[in-house]
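A quick write-up on the structure given underneath.
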Amino acid sequence: MTVENEIDVAVEDERWEGVTPDLEAFVVRAVEAGLAVAPDLPEGAVEVSVLLTTDAAVRALNKTWRAQDKPTNVLSFPSPPQPPHAGMARPLGDVVLAYDTMLRESAEQSKPLSHHLAHLLVHGTLHLLGQDHETGDADAEAMEALEVAALATLGVPDPYAD
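Just so it is clear: in the sequence shown, position 34 is 33 by numbering that gives the first Met the number 0, and no numbers are missing.
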């Protein structure tokens, strides 16, 4: 029996539905693209939960878990390492995105909303796997290269290009 990756998508704000046709399938493809380029992907199937919500919800999470009383575009909450269980996907964690922040950033960067969403999903997925852009320039460059590679498979241009 082969266990497949499980990408669970919850939409708390209906505005997300207007970002792209077939939003859930889009989210799944973006998360899978992030998983596909990850250098430290655990063996076997994994489970990722994605929550598409509001700035207020993300602000509350950011305040509680990171002591930062402001919304941010994406938060990642890795699951603690768990041993594999036959027939079950291994939980990687949760990725939470804030609609208003994503919308504002997309406009500021003159990027299609769906491209920015794909980027943030890949970015959040890579954080679940231990990638970190805040630990130094070399780590940031490595993570950006993974993001660019994943996004290319989705037809999304390099978000870091001028």
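Here a beta-carbon is modelled for each residue, glycine too, at the ideal position from N, C-alpha and C.
task: Give the secondary structure of Glu3 by DSSP, where H, G and I count as helix, E and B as strand, and everything else as coil.
output: For Glu3, the three-state secondary structure derived from DSSP is coil.
- prompt: How about Leu50 and Val95: are their beta carbons less than 8 Å apart?
  reply: yes
- request: Please go through the same chain and pick out, in chain order, the residues whose beta-carbon is closer than 7 Å to the beta-carbon of Asp12, but skip the five residues on each side of it.
  value: Leu51, Thr52, Thr53, Tyr98
message: Measuring alpha carbon to alpha carbon, tell me which residue in Asp157, Leu60, Lys62, Ala88 is nearest Glu140.
response: Asp157
query: Can you give the Cα-Cα distance for Ala151 and Gln108, rounded to whole angstroms?
result: The alpha-carbon atoms of Ala151 and Gln108 are separated by roughly 18 Å.
field: Buried or exposed by the 16-neighbour rule on C-beta atoms within 10 Å, applied to Met0
entry: Annotation note: pLDDT 44 at Met0 (below 50); position unreliable, no value reported.
- prompt: From the beta carbon of Ala56, is the nearest beta carbon of chain C less than 8 Å away?
  reply: Of the protein chains in the structure, only one exists, and it is not chain C.
Buried or exposed (CB count within 10 angstroms, at least 16 for buried), His84: Exposed, since its Cβ has fewer than 16 Cβ neighbours within 10 Å.
task: Taking only the alpha-carbon atoms, compute the straight-line gap between Leu128 and Ala9 and give it to the nearest angstrom.
output: 21 Å
message: Distance check for Met87 and Pro70, CA to CA, integer angstroms please.
response: 34 Å
message: What ranges does the alpha helix (DSSP H) occupy inside the stretch 62 to 136, keeping only unbroken runs of at least 4 residues that lie completely in it?
response: 98 to 107, 112 to 127
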